[in-house]
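Below: one structure, written as structure tokens.
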Amino acid sequence: MNQNQSTTVGFIGLGNMGSGMTRNLQKAGFSLVVTDIRRESADELVAGGAVWAGSPADVAAASDIVITMLPTPRHVESVVFGPRGILEGISDGGVWIDMSTSVPEVAQRVRAENRHRNLRILDAPVSGMSVGAANGTLQIFVGGDVLDVELVRPVLEAMGDPERIMHVGAAGNGYAVKLMINQLWFSHLVATAEVLAIGVKAGVDLEVLRQSIIASPATSNFIENDVLSILDHGDYDEGFAIALACKDLGLSVDLARSVGVPSELSSLVEQIYRRAKAQYGDLAGEMTPVKLYEDLIGAPLRRVAPDTGPILTAVA
Ligand code: NAD
5 MNQNQSTTVG FIGLGNMGSG MTRNLQKAGF SLVVTDIRRE SADELVAGGA
55 VWAGSPADVA AASDIVITML PTPRHVESVV FGPRGILEGI SDGGVWIDMS
105 TSVPEVAQRV RAENRHRNLR ILDAPVSGMS VGAANGTLQI FVGGDVLDVE
155 LVRPVLEAMG DPERIMHVGA AGNGYAVKLM INQLWFSHLV ATAEVLAIGV
205 KAGVDLEVLR QSIIASPATS NFIENDVLSI LDHGDYDEGF AIALACKDLG
255 LSVDLARSVG VPSELSSLVE QIYRRAKAQY GDLAGEMTPV KLYEDLIGAP
305 LRRVAPDTGP ILTAVA
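The numbering used here applies: residue 5 is where the sequence shown begins, and numbers increase by one.
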């Protein structure tokens with residue numbers, strides 16, 4: 005018998021990320037109990053053997069480990085503290101892992117109000133987009149007690165790349181690491197969109213400009229790899245809604261304020277993201293701020309297909 009079969013994992017939040025993560029838990033042999041406010045989000049999982057529960061309390065009561073993967077801290081708070089929330093179902097000594105990109109306040113309140121219950125709580129937000137969730141290759145940043153991290157490692161390894169599951173320190177540090185990674189990536193995106201738009205408007209060929217930057221000290225993973233989804237496919241990654249990206253940037257700026265570090269650049273990037281959200285809608289992809297610059301120069305940033313275009317031949 006697969007060792008994982010003896011562990012029941014409860015999962016709350018079956019959206020862009022949670023749907024892929026639960027499919028991988030199922031594949032790894034874990035028994036699953038799931039819920040979401042959208043009943044239909046569980047159809048495929050239930051067909052594969054997962055049990056549907058009517059509330060977060062029911063999920064928690066039926067599981068050894070409860071995982072939340074929800075949009076914002078407000079959603080996490082309501083699922084934990086709300087009527088028929090996790091706290092009503094979880095047993096003393098139970099394990100809750102919040103994998104949402106969020107902040108420590110909810111878990112801190114749980115600990116403060118439930119000291120006698122010995123709950124084991126980890127924050128374990130992820131990077132790797134919905135594709136990484138589907139492929140089981142997420143990077144996971146875990147904050148909390150090292151023994152608890154080891155206890156849940158097989159569950160995390162079913163969803164993430166074992167080499168990139170990182171224990172990043174005490175409770176709350178996982179959230180902080182994740183917010184800083186997103187802040188930097190969004191900053192790369194805005195900076196890259198700006199220089200590509202300016203350079204192209206100045207008359208430089210897009211791919212010549214990109215290859216020149218890649219060969220320079222100013223290169224980045226973003227310009228080498230991530231920007232290609234737009235440049236080659238016009239794909240702004242709707243698997244991560246810009247509304248959630250704005251949420252992350254807001255949390256990141258709040259964190260900077262709370263620790264007393266000025267965040268001029270982060271705040272500006274947040275405003276640019278909010279402009280894109282206002283202009284293109286909440287459900288637009290996380291890379292949509294590039295479109296702001298494309299609209300300004302009156303043309304999409306697209307490169308000629310690498311194997312056919314004369315431009316790449318020129319820089320090869
Ligand atoms: P999503 O909006 O696609 O999914 C969230 C799910 O939670 C939805 O299915 C929704 O119905 C459900 N939900 C909301 N309120 C609920 C409640 N009260 N009870 C039960 N279910 C509820 O969001 P997502 O893209 O899957 O993101 C989830 C988290 O992961 C966010 O914190 C996000 O910032 C983070 N994240 C997302 C990505 C990505 O590429 N999408 C990457 C890394 C991290």
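Backbone N, C-alpha and C define an ideal beta-carbon position, used for all residues, glycine too.
- DSSP, read as helix, strand or coil, puts residue 138 in helix.
- Distance from the CA atom of residue 145 to the CA atom of residue 255, rounded to whole angstroms, is 17 Å.
- Residue 157 and residue 69 have their C-alpha atoms spaced approximately 11 Å apart.
- In the same chain as residue 6, and ignoring 5 residues on each side of it, the C-beta atoms closer than 7 Å to its own belong to 33, in chain order.
- Closest in alpha carbon position to residue 176, among 131, 277, 101, is 101.
- Residue pairing by DSSP places residue 245 opposite 289 in a beta bridge.
- In this structure, the ligand NAD has no non-hydrogen atom nearer than 8 Å to the beta-carbon of residue 91.
- Only residues of its own chain outside the window of five on either side were considered, and among them none has a CB closer than 6 Å to the CB of residue 166.
- When 13, 19, 49, 26 are compared, the shortest CA-CA separation from residue 35 is found for 13.
- Per DSSP, the continuous beta strand (DSSP E) segment holding residue 171 begins and ends at 164-173.
- Listed as beta-bridge partners of residue 106 by DSSP are no residues whatsoever.
- For residue 168, the CB contacts under 6 Å within the same chain, skipping 5 residues up- and downstream, are 143 in chain order.
- Distance from the CA of residue 120 to the CA of residue 250, rounded to the nearest whole angstrom, comes to 37 Å.
- The C-beta distance from residue 16 to residue 63 rounds to 6 Å, short enough to fall under 8 Å.
- Ranked by Cα distance from residue 232, the options 278, 306, 275, 155 are led by 306.
- The residue from 67, 65, 19, 61 with its alpha-carbon nearest to that of residue 48 is 19.
- Relative to the non-hydrogen atoms of the ligand NAD, the Cβ of residue 104 comes within a distance shorter than 8 Å of at least one.
- When the alpha-carbon of residue 71 is set against those of 108, 43, 160, the nearest one is in 160.
- A direct Cα-to-Cα measurement between residue 213 and residue 151 gives close to 49 Å.
- The beta carbon of residue 223 sits closer than 7 Å to the beta carbons of 217 from its chain, once the five residues preceding and following it are set aside; these are given in chain order.
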